[in-house]
Amino acid sequence: MTCNLFTEWLITLNNQMKKNNRKILLFVDNASCHVINQNLSNVKLVFFPPNTTSKCQPLDQGVIHSFKCFYRQKLVRHIIAQCTLAQTADQISITILDAIKWIDSSWKNVTEYTIKNCFHAAGFTHFSSTASSSTMDMNIIAEADTELNTDENPLQQLDSLLTHVQIGGSQLTAAEYVEIDSCIPAFNQWDDNEHLKDYIQIIQDDHEDEEEEEELSSPEQPPNLSEALEMLRKIHLYASIEQPQLHNLISDLESQLTDIYLDSKVAKQSSIKDCFPSL
Numbered sequence: 001m002t003c004n005l006f007t008e009w010l011i012t013l014n015n016q017m018k019k020n021n022r023k024i025l026l027f028v029d030n031a032s033c034h035v036i037n038q039n040l041s042n043v044k045l046v047f048f049p050p051n052t053t054s055k056c057q058p059l060d061q062g063v064i065h066s067f068k069c070f071y072r073q074k075l076v077r078h079i080i081a082q083c084t085l086a087q088t089a090d091q092i093s094i095t096i097l098d099a100i101k102w103i104d105s106s107w108k109n110v111t112e113y114t115i116k117n118c119f120h121a122a123g124f125t126h127f128s129s130t131a132s133s134s135t136m137d138m139n140i141i142a143e144a145d146t147e148l149n150t151d152e153n154p155l156q157q158l159d160s161l162l163t164h165v166q167i168g169g170s171q172l173t174a175a176e177y178v179e180i181d182s183c184i185p186a187f188n189q190w191d192d193n194e195h196l197k198d199y200i201q202i203i204q205d206d207h208e209d210e211e212e213e214e215e216l217s218s219p220e221q222p223p224n225l226s227e228a229l230e231m232l233r234k235i236h237l238y239a240s241i242e243q244p245q246l247h248n249l250i251s252d253l254e255s256q257l258t259d260i261y262l263d264s265k266v267a268k269q270s271s272i273k274d275c276f277p278s279l
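Residue numbers for the sequence shown follow this note's numbering, so the first one is 1 and each next one is one higher.
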């Protein structure tokens, strides 16, 4: 996060609130990128007291942890799948598109229940009576125990996956892997304009080296539709012998790809002359 990005996002949020005729409080920490010079009509910034972010910010009470569990599950699964063919770590490719898809899917996996509990843990609670507060606390404890003991616990799933890989030459637990980057700052304290010229200069200096690397290694090309259908046929054969529970899933995918293939044929045959070239 940078000051410019945060300012642009705030202006967009303020415009949305103005359009909906709403005024909101936005609680933020004291990161330098959150200090802006903007008068917002429908969004009021409220800063947490210094050095209290880890206690007052709901994201730090478990939302980020839950998101990282889901994201790293997908990352480790991807690595395990690619290890079946890769001979070295350099041959395991992770694209920006992969990361974007994992981010989107992982955020959708963070439950409403988790978010509500994290706000509650950070002190964002309001109850009509003491009795209702006590009842809610007991419900939260009971539901939390149930969630932690379920087979769908994301931390347990990640632990199971990590038994198949080594990171940095050692065997990490899920808890260690999720917190492996906790000390890395999540915002940029630099002045964007001040360092832009230096950044451009660095990019220009490295440009020739990048061109040489691109000439040596061309990106992997995706298969065409016919090749994809052939790959799927082989996967179907594997599943029918080794993993029969995947049969329905692969059949559905094969059916959809076949429909796409047939539609492409129909689109090409736009006239009767296309069907009978001799006419």
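No residue lacks a Cβ here, since even glycine has one placed at the ideal position from N, Cα and C.
Asked: Taking 9 Å as the threshold (C-beta atoms), are Tyr261 and Leu232 in contact?; Found: no
Asked: If you reduce the DSSP assignment to three classes, tell me which class Phe6 lands in.; Found: helix
Asked: Which two residues bound the contiguous beta strand (DSSP E) that contains Phe48?; Found: That residue, Phe48, is in no beta strand (DSSP E); it is neither H nor E in DSSP.
Asked: So, for Ala86: in the same chain, excluding its five sequence neighbours on each side, which residues have a beta-carbon less than 8 Å away from its beta-carbon?; Found: Ile92
Asked: Considering only C-alpha positions, which residue in the set Asp104, Ser105 and Gln82 is nearest to Ile94?; Found: Gln82
Asked: Are Val110 and Val63 touching if we call contact CB-CB under 9 Å?; Found: yes
Asked: In chain order, what residues of the same chain have a beta carbon less than 7 Å from the beta carbon of Pro223, not counting five sequence neighbours either side?; Found: Met231
Asked: When the distance is taken between beta carbons, is Pro58 closer than 9 Å to Phe119?; Found: yes
Asked: Going by CA-CA distance only, name the one from His34, Thr53, Asn51 and Thr52 that's closest to Lys44.; Found: His34
Asked: Is Ile235 helix, strand or coil when you go by DSSP?; Found: helix
Asked: Return the first residue and the last residue of the alpha helix (DSSP H) that Leu158 is part of.; Found: Pro154 to Leu162
Asked: May I ask which residues mark the beginning and end of the beta strand (DSSP E) holding Ile92?; Found: Careful: Ile92 lies outside any beta strand (DSSP E) and carries neither H nor E.
Asked: Among Glu176, Lys101, Phe124 and Asn30, which has the Cα closest to the Cα of Asn51?; Found: Asn30
Asked: Taking just the CA atoms, how far does Cys3 sit from Pro244?; Found: 53 Å
Asked: In three-state terms, what does DSSP make of Ile260?; Found: helix
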